[in-house]
Amino acid sequence: MTQAITLTDLPPFARRMRDAADLVWQEGYEQPFIRELGAGTLDRSKFAFYLMQDELYLGDYAKVHALAVTKTNDREVMAFMAQVQNQILHVETEVHRDYLASFGLSEQMVLNGRQSAFARAYTTNMMTVAYTGDLLDILIAVLPCAWVYADYGQRLAREFADTLSGNPYKEWIDMYSTDEFWQSAVWLIEHIESMVQEVSEERKRELIESFVRGVEYEYMFWASAYDKQMTWKPEWSALPQQ
Numbered sequence: 001m002t003q004a005i006t007l008t009d010l011p012p013f014a015r016r017m018r019d020a021a022d023l024v025w026q027e028g029y030e031q032p033f034i035r036e037l038g039a040g041t042l043d044r045s046k047f048a049f050y051l052m053q054d055e056l057y058l059g060d061y062a063k064v065h066a067l068a069v070t071k072t073n074d075r076e077v078m079a080f081m082a083q084v085q086n087q088i089l090h091v092e093t094e095v096h097r098d099y100l101a102s103f104g105l106s107e108q109m110v111l112n113g114r115q116s117a118f119a120r121a122y123t124t125n126m127m128t129v130a131y132t133g134d135l136l137d138i139l140i141a142v143l144p145c146a147w148v149y150a151d152y153g154q155r156l157a158r159e160f161a162d163t164l165s166g167n168p169y170k171e172w173i174d175m176y177s178t179d180e181f182w183q184s185a186v187w188l189i190e191h192i193e194s195m196v197q198e199v200s201e202e203r204k205r206e207l208i209e210s211f212v213r214g215v216e217y218e219y220m221f222w223a224s225a226y227d228k229q230m231t232w233k234p235e236w237s238a239l240p241q242q
């Protein structure tokens with residue numbers, strides 16, 4: 001019987017990826033956005049900025065999973081990608097809608113919004129991989145989001161267990177701390193682990209580099225939300241008059 005994959009008990013290639021990303025991974029958990037989210041003290045406007053960017057991000061994330069279907073004839077892979085799309089477009093979006101409504105923001109207002117430079121860099125990277133890479137490249141590209149969120153969600157739930165009941169962001173933490181959410185990352189890890197057995201060491205190093213880049217984008221996504229930063233310099237944020 002195959003041993004279950006947990007956040008601390010990983011197969012060999014997954015361990016290599018996680019170790020390679022360890023510095024930015026840990027710094028990501030320790031950055032102000034995540035710490036204040038866990039404590040329930042995060043400024044509402046910063047969380048609203050994050051939600052708007054994340055809603056736009058998820059639209060592209062769903063498209064990447066759709067493109068993955070074009071890279072395979074494996075029905076199991078195709079079914080998984082469809083399942084993730086359903087999760088994105090319904091379960092996660094429902095949580096977002098509830099939060100956004102509390103800020104007086106409609107879904108249409110969000111979808112008509114503009115991606116930050118940092119979110120755009122992240123999604124552009126994933127879309128480029130999806131169009132130009134193979135299935136393994138895509139699985140690596142989407143893994144950081146699934147894995148980082150599961151790890152941070154579970155860690156926040158444990159660390160702030162005593163105060164979570166009064167945390168205004170409890171629903172967010174609850175969603176990402178479930179084993180059900182972690183299992184999406186497990187599916188990706190298992191399939192990546194199987195597929196890398198057939199590739200060269202040089203190719204493995206390229207995949208690890210791609211994975212670390214994705215974890216770096218996760219860090220930037222939250223950091224820019226904390227600063228409510230749309231672009232590289234605040235004075236660039238204003239759109240030109242038409």
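Sequential numbering of the sequence shown, starting at 1, is according to UniProt numbering. In this text, a Cβ means the ideal position worked out from N, Cα and C, and glycines have one as well. As the structure is a prediction and not an experimental result, all values here were calculated from the model.
- From what residue to what residue does the alpha helix (DSSP H) around methionine 78 run? 75 to 86
- Using beta-carbon positions only, say whether valine 196 and valine 148 come within less than 8 Å of one another. no
- Grouping DSSP H, G and I as helix and E and B as strand, with all else coil, what is lysine 233? coil
- Alpha carbon to alpha carbon, how far is serine 102 from proline 12? Give it in angstroms, no decimals. 44 Å
- Candidates Glu171, Tyr219, Glu235, Glu198: which alpha carbon is nearest glutamine 26's? Tyr219
- Query: Within this structure, are the beta carbons of methionine 126 and valine 142 separated by less than 8 Å?
  - Reply: yes
- Enumerate, from N- to C-terminal direction, the unbroken alpha helix (DSSP H) stretches of 4 or more residues contained entirely within the stretch 126 to 212. 135 to 159, 170 to 176, 179 to 195
- Message: Does the contact criterion of 3 or more C-beta pairs under 8 Å hold for the stretch 77 to 87 versus the stretch 198 to 211?
- Response: no
- Query: Do three or more CB pairs link the stretch 164 to 172 to the stretch 29 to 40 at distances below 8 Å?
  - Reply: yes
- Since I believe alanine 117 is in contact with methionine 230 (beta carbons under 8 Å), could you give me their beta-carbon distance rounded to a whole number of angstroms? 7 Å
- Task: State yes or no: is the C-beta of valine 186 within less than 8 Å of the C-beta of alanine 21?
- Result: no
- Query: Mapping DSSP to helix, strand and coil, what is threonine 123?
  - Reply: helix
- Task: Within its chain, find whatever has a CB closer than 6 Å to the CB of glutamine 154; leave out the 5 residues flanking it on each side and keep chain order.
- Result: Ser177
- Message: Please identify the residue among Ile5, Val24, Arg114 whose C-alpha is closest to the C-alpha of tyrosine 57.
- Response: Arg114
- Query: How many angstroms separate the CA atom of tyrosine 131 from the CA atom of leucine 67?
  - Reply: 7 Å
- Could you tell me how far apart the beta carbons of phenylalanine 33 and alanine 225 are, in whole angstroms, since I believe they sit closer than 8 Å? 6 Å
- What three-state label does DSSP hand aspartate 9 in the structure shown? coil
- Query: Just to confirm, are phenylalanine 49 and lysine 228 a CB contact at a threshold of 8 Å?
  - Reply: yes
- Status (buried if at least 16 other CB within 10 Å, exposed otherwise) for aspartate 19: exposed
- Message: Mapping the DSSP letters down to three states, classify glutamine 26 as helix, strand or coil.
- Response: helix
- Item | Integer-rounded CB distance, given that alanine 119 should sit under 8 Å from glutamine 53 | 5 Å
- Message: Taking a contact to mean a Cβ-Cβ separation below 8 Å, would you say leucine 207 touches leucine 136 in this structure?
- Response: yes
- Task: Determine the burial state of leucine 111: buried for a count of at least 16 other Cβ atoms within 10 Å of its Cβ, exposed for fewer.
- Result: exposed
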